[in-house]
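Student:
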Amino acid sequence: MNGVVSKTCKPIYGVTTGFGGMAHTHVSPEDASDLQRNLIWFMKSGPGKRLSKDDVRAAMLIRANNHMLGFSGLRFELVQRMVRFLNANVIPNLREFGSIGASGDLAPLASITGALIGLDESFVVDFAGEEIDSISALKRFRLPRLNLLPKEGLAMINGTYVMTGIAAQCVYDAQLLLKMTMDTHALFIQGLNGSNQPFHPFNHTHKPHPEASPRSKIGGQLHA
Numbered sequence: 130m131n132g133v134v135s136k137t138c139k140p141i142y143g144v145t146t147g148f149g150g151m152a153h154t155h156v157s158p159e160d161a162s163d164l165q166r167n168l169i170w171f172m173k174s175g176p177g178k179r180l181s182k183d184d185v186r187a188a189m190l191i192r193a194n195n196h197m198l199g200f201s202g203l204r205f206e207l208v209q210r211m212v213r214f215l216n217a218n219v220i221p222n223l224r225e226f227g228s229i230g231a232s233g234d235l236a237p238l239a240s241i242t243g244a245l246i247g248l249d250e251s252f253v254v255d256f257a258g259e260e261i262d263s264i265s266a267l268k269r270f271r272l273p274r275l276n277l278l279p280k281e282g283l284a285m286i287n288g289t290y291v292m293t294g295i296a297a298q299c300v301y302d303a304q305l306l307l308k309m310t311m312d313t314h315a316l317f318i319q320g321l322n323g324s325n326q327p328f329h330p331f332n333h334t335h336k337p338h339p340e341a342s343p344r345s346k347i348g349g350q351l352h353a
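Mapping to this note's numbering: the sequence shown position 154 is 283, numbers consecutive.
Now the structure itself:
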């Protein structure tokens, strides 16, 4: 993308133009990197409680996986840093508010980005249980601070990867709760000397509920 910016005269949204209502404002190629850095500063505004470590890790994993497709216009080094953070259990400090639906999880993803590049000491991470600033974290990794190239800031904060990570955790928890509910249900019926006949497939095959038959089969197996 850096080479494209230096060669083209055409406006590229968020690269040689401003954002949103400033989309018609021209940004010179010389200022394109500063635009990305300022975007991260501008979006570092999430209030609320701190997001759980599991939710942040899920968001980073999904974000890294998406960037590996190669369509985002950023350096592989940024993806490698996300993986390095994940493997070392280094988790950026994210707040629960600051997402704008389809426009993206702007504030929380900006906090991840600032931590990955060591933008400033105000970007804080949990380093294997110890809370330190992002610059100190990079020093422990023996990694230099990074300057964002054209489009990289926009590529890092655009998308709904934080809410997707939270949703994935909720689905996983719901599956566990459903299994626990089925097991508890089976114990109650056995304790009451109940019958397993209500779980016979005949009773559920023609019901207009897609999960009726699979659940009745599981119920029958638990009560066998």
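Glycine residues also receive a C-beta, built at the ideal position from the N, C-alpha and C atoms. It should be emphasised that the depicted structure is a prediction, and the values quoted were computed from it without experimental measurement.
#1: I'd like to know if the region 274-291 and the region 228-239 are in contact, where contact means that at least 3 CB-CB pairs between them fall below 8 Å.
#2: Taking contact to mean 3 or more Cβ pairs, one atom from each stretch, closer than 8 Å, check whether the region 239-258 and the region 298-311 are in contact.
#3: Let me make sure I understand the geometry here. Which of N322, K280, M309 has the alpha-carbon closest to that of L203?
#4: Of all the alpha helix (DSSP H) runs that stay within the bounds of the region 138-189, which reach a length of 4 or more residues?
#5: If we count the other Cβ atoms within 10 Å of its Cβ and call it buried at 16 or more, is K173 buried or exposed?
#6: Below 8 Å between beta carbons: does that hold for I264 and R271?
#7: Nearest-angstrom Cα distance between G199 and L207?
#8: Quick check: the Cα distance between K308 and L316, rounded to an integer number of angstroms?
#9: If you draw a straight line from the C-alpha of K178 to the C-alpha of E260, how long is it?
Tutor: Short version:
#1: Contact holds: three or more Cβ-Cβ distances are below 8 Å.
#2: no
#3: Walking along the sequence shown from the start, residue 203 turns up at place 74. Among N322, K280, M309, the Cα nearest to that of L203 belongs to K280.
#4: 161-172
#5: On the sequence shown, residue 173 is found 44 positions in, with the first residue counted as 1. With 16 or more other Cβ atoms within 10 Å, it is buried.
#6: Working through the sequence shown from its first residue, we reach residue 264 at position 135. Working through the sequence shown from its first residue, we reach residue 271 at position 142. Contact: no.
#7: By 1-based counting over the sequence shown, the position of residue 199 is 70. By 1-based counting over the sequence shown, the position of residue 207 is 78. In a straight line, the C-alpha of G199 is about 12 Å away from that of L207.
#8: One-based indexing of the sequence shown puts residue 308 at position 179. One-based indexing of the sequence shown puts residue 316 at position 187. Those two C-alpha atoms are separated by around 13 Å.
#9: Residue mapping note: residue 178 aligns to position 49 of the sequence shown, counting from 1. Residue mapping note: residue 260 aligns to position 131 of the sequence shown, counting from 1. Roughly 16 Å separates the two Cα atoms.
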